[in-house]
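> Can you read through this structure? Questions will come right after.
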Amino acid sequence: MGSGIFFTPGELASVAQHNWQVYLFWGLCGIITLCGALTLAELSSLMPRSGATFHIIRESFGPFWGFLKAWTEILVVAPGSVAGVAIIFGAFFSELVGSHWQWSPAIWGVSAILVFTAINLMGVRWGGVTQVIITSVKIAALLFLVLSSLLLVDQTPTTESVSQVAGADGLWGFIRLVGLGIGAVLFTYDGWADVSHVAGEVKSPKRILPLGLVVGVGSIAFLYLLVNYAFLRVVPLEAMREEPTLIASTVARVTFGETGAKLITGLIIISIFGALGGLLMTVPRFYFATGVRYVQRIRKGHPVNLVLQTLSRVSPKTGVPVGAILFVSALSCIVLLFFRTFSRLVNFFVVSNYFFPILVIGAVFKFRSRYRNEGYRTPGYPVVPLVFMVVMASFLISALYYRPGDILIGVGLTALGIPFYVWLNKGKDSRVRYE
Numbered sequence: 001m002g003s004g005i006f007f008t009p010g011e012l013a014s015v016a017q018h019n020w021q022v023y024l025f026w027g028l029c030g031i032i033t034l035c036g037a038l039t040l041a042e043l044s045s046l047m048p049r050s051g052a053t054f055h056i057i058r059e060s061f062g063p064f065w066g067f068l069k070a071w072t073e074i075l076v077v078a079p080g081s082v083a084g085v086a087i088i089f090g091a092f093f094s095e096l097v098g099s100h101w102q103w104s105p106a107i108w109g110v111s112a113i114l115v116f117t118a119i120n121l122m123g124v125r126w127g128g129v130t131q132v133i134i135t136s137v138k139i140a141a142l143l144f145l146v147l148s149s150l151l152l153v154d155q156t157p158t159t160e161s162v163s164q165v166a167g168a169d170g171l172w173g174f175i176r177l178v179g180l181g182i183g184a185v186l187f188t189y190d191g192w193a194d195v196s197h198v199a200g201e202v203k204s205p206k207r208i209l210p211l212g213l214v215v216g217v218g219s220i221a222f223l224y225l226l227v228n229y230a231f232l233r234v235v236p237l238e239a240m241r242e243e244p245t246l247i248a249s250t251v252a253r254v255t256f257g258e259t260g261a262k263l264i265t266g267l268i269i270i271s272i273f274g275a276l277g278g279l280l281m282t283v284p285r286f287y288f289a290t291g292v293r294y295v296q297r298i299r300k301g302h303p304v305n306l307v308l309q310t311l312s313r314v315s316p317k318t319g320v321p322v323g324a325i326l327f328v329s330a331l332s333c334i335v336l337l338f339f340r341t342f343s344r345l346v347n348f349f350v351v352s353n354y355f356f357p358i359l360v361i362g363a364v365f366k367f368r369s370r371y372r373n374e375g376y377r378t379p380g381y382p383v384v385p386l387v388f389m390v391v392m393a394s395f396l397i398s399a400l401y402y403r404p405g406d407i408l409i410g411v412g413l414t415a416l417g418i419p420f421y422v423w424l425n426k427g428k429d430s431r432v433r434y435e
């Protein structure tokens, strides 16, 4: 659970025409995400390694796709995601402390990255305990706000009003409406696949990983529905459209008075801080897996080999991938200071972020024919993975159609991995060697 739950309801208000559609969109996205989690649970239990998604793609589709996944994750998705969360944290923290300097959000964002970098360098147990504490605090605080509003505030009378969504009539109009709703909500569920990055450090992965993924996604989906119900009781859809970014603050103000506005700001900051910590704990494990995979396949002394040696370095004292953690931290800080706005960062990595999960989930069809799994198996196979793949593919096509300019920057950087891969493999003395 990140910061999206505080902002997405306002964005969705400009799409939804009635309250029941709000619940429909959130429920559908929960089901779609759960389809992916149910499938990834089987895949990660079969391949419980650090950076599991990289190994899953490589084993299923070959070394090229594994390389491109690693290239994209390292240069686009991971630093973009970390920087995007950090810049939001910086903006809210700057507002809380009253710092209005132009670079203040970026500086506070970089500071937050460095704090979690230090925590994760102390060991996976410290990073995990910190995540448990922060997640518990933000869920408890959010539930306190929701339950207080349900008990202390009478439902606000509503008047049915229809939002101005072009082409909302007829079957095709409804399909388009659902597509817009899913597009607004889906990013709020993002991050569930990152859990698999620490699969190699989990005890009893065949039991713990499926349980954690399914219970985690299911619990978050239920919590999101409950939060939206509480919000809609106090702030009707028509009011949400007028002030889409102030919904949570309005609910807190109505429930607790002016103190509520400060309370919700603190809650948002804790939530964003926790989401950032989760990324900085899981993402470096993927970098580490990439370094281990390729470091022996590129000749010593080559600049690429030096980078991979850094990524594959493990602390002898704590056992954490110290090189990968520092690399992620440094690269994320550079990306944050370069872009400095959340919207630019999201457009930068959105397509690359959602394309590779389609490949990961699609790998279950090859794994079923290749491995004999007597443990956890995806329920509803093959419908469950197909639902996820079809919906996500449709979402990517829609994103490219409606926002090509910003998105093509990230796509172009991803595509640069293709000639780089060819260059590494050309000639008889290939720099990259595969068994």
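In this note's numbering, the protein residues as written are 1 to 435. Note that beta-carbon positions come from the ideal geometry of N, C-alpha and C, so glycine has one too.
Taking all protein chains shown into account, do 16 or more other C-beta atoms lie within 10 angstroms of the C-beta of I298, making it buried, or fewer, making it exposed?
Counting Cβ neighbours within 10 Å, I298 comes out buried, since at least 16 surround it.
> Could you name the residues of the same chain whose beta carbon sits closer than 8 Å to that of L68, not counting the 5 residues immediately before and after it, in chain order?
Here the set comprises T414, G417, I418 and Y421.
> Give the single residue among S136, F54 and S60 whose Cα lies nearest to the Cα of Y371.
The option with the nearest alpha carbon to Y371 is S60.
> Within 10 angstroms of the Cβ of T188, are there 16 or more other Cβ atoms? Answer buried if so, exposed if not.
Label assigned to T188: buried.
> So what does DSSP say about A289, is it helix, strand or coil?
Three-state DSSP puts A289 in a helix.
> Measure the alpha-carbon distance for A83 versus K300 and round it to whole angstroms.
Between A83 and K300, the C-alpha separation is close to 32 Å.
> Return the first residue and the last residue of the alpha helix (DSSP H) that D406 is part of.
Its alpha helix (DSSP H) spans residues P404 to A415.
> By a C-beta neighbour count over all protein chains shown, 10 Å radius and 16 as the cutoff for buried, is W71 buried or exposed?
By the neighbour-count rule (16 or more Cβ atoms within 10 Å), W71 is buried.
> With three or more beta-carbon pairs closer than 8 Å as the criterion, would you say the stretch 23-40 touches the stretch 254-271?
Contact fails: fewer than three Cβ-Cβ distances are below 8 Å.
> Nearest CA to the CA of W108: which residue from S148, I358, I88 and Q155?
Among S148, I358, I88 and Q155, the Cα nearest to that of W108 belongs to I88.
> How would you write the range of the alpha helix (DSSP H) that L186 sits in, first residue to last?
Where L186 is concerned, there is no enclosing alpha helix (DSSP H), given that its DSSP letter is neither H nor E.
> Does the contact criterion of 3 or more C-beta pairs under 8 Å hold for the stretch 173-181 versus the stretch 269-278?
Cβ pair count under 8 Å is below three, so no.
> Tell whether a beta-carbon distance below 7 Å holds between A248 and V15.
Taking 7 Å as the Cβ cut-off, A248 and V15 do not qualify as a contacting pair.
> Inspect the CB distances between the stretch 353-372 and the stretch 37-56 and report whether three or more fall short of 8 Å.
The stretch 353-372 vs the stretch 37-56: in contact.
> At the level of alpha carbons, what is the spacing between V411 and L345?
Those two C-alpha atoms are separated by around 13 Å.
> Please name the residue, chosen from W103, S315 and T8, that lies closest to M122 on a Cα-to-Cα basis.
Comparing Cα positions, the closest option is S315.
> Under the three-state reduction of DSSP, which class applies to Q155: helix, strand or coil?
Coil at Q155, not helix or strand.
> Along the chain, which unbroken stretches of the alpha helix (DSSP H) at least 4 residues long are found entirely within the stretch 2-42?
Entirely contained in the stretch 2-42, the alpha helix (DSSP H) runs reaching 4 residues are, in chain order, 4-13.
> Use the C-beta contact count for Y224: other C-beta atoms within 10 angstroms, 16 or more gives buried, fewer gives exposed.
Looking at its Cβ environment, which holds 16 or more other Cβ atoms inside 10 Å, Y224 is buried.
> Give the single residue among E11, S94, G323 and W103 whose Cα lies nearest to the Cα of R340.
That would be W103, whose Cα lies nearest to the Cα of R340.
> In angstroms, rounded to a whole number, what distance separates the CA positions of F286 and G257?
Near 45 Å, if we compare the C-alpha coordinates of G257 and F286.
> Give me, in chain order, the residues of the same chain whose beta-carbon lies closer than 8 Å to that of T290; leave out the 5 immediate sequence neighbours on both sides.
Closer than 8 Å at the Cβ level, and outside the excluded window around T290, lie G51, F54, A70, E73, I74, L308 and L311.
> The alpha helix (DSSP H) that contains A248, what's its start and end?
Element bounds for A248: I247 to F256.
> Relative to the C-alpha of I358, which candidate in G380, T378, F388 and V350 has its C-alpha closest?
Of the listed residues, the one whose Cα sits closest to I358 is F388.
> So, with DSSP's three-state summary, where would you put M281?
Helix.
> Do you know offhand how far S271's Cα is from K426's?
Cα to Cα, S271 sits roughly 47 Å from K426.
> Do K138 and G274 have their C-beta atoms closer together than 7 Å?
In contact: K138 and G274 (Cβ atoms closer than 7 Å).
> If you drop the 5 nearest sequence neighbours on each side, which residues of the same chain put their C-beta closer than 6 Å to that of A324?
So the qualifying residues of the chain are P284, Y287, F288 and L311.
> Kindly indicate which three-state DSSP category Q164 falls into: helix, strand or coil?
In this predicted model, Q164 has a pLDDT of only 47, less than 50, meaning its place in the structure is not dependable enough to derive any value.
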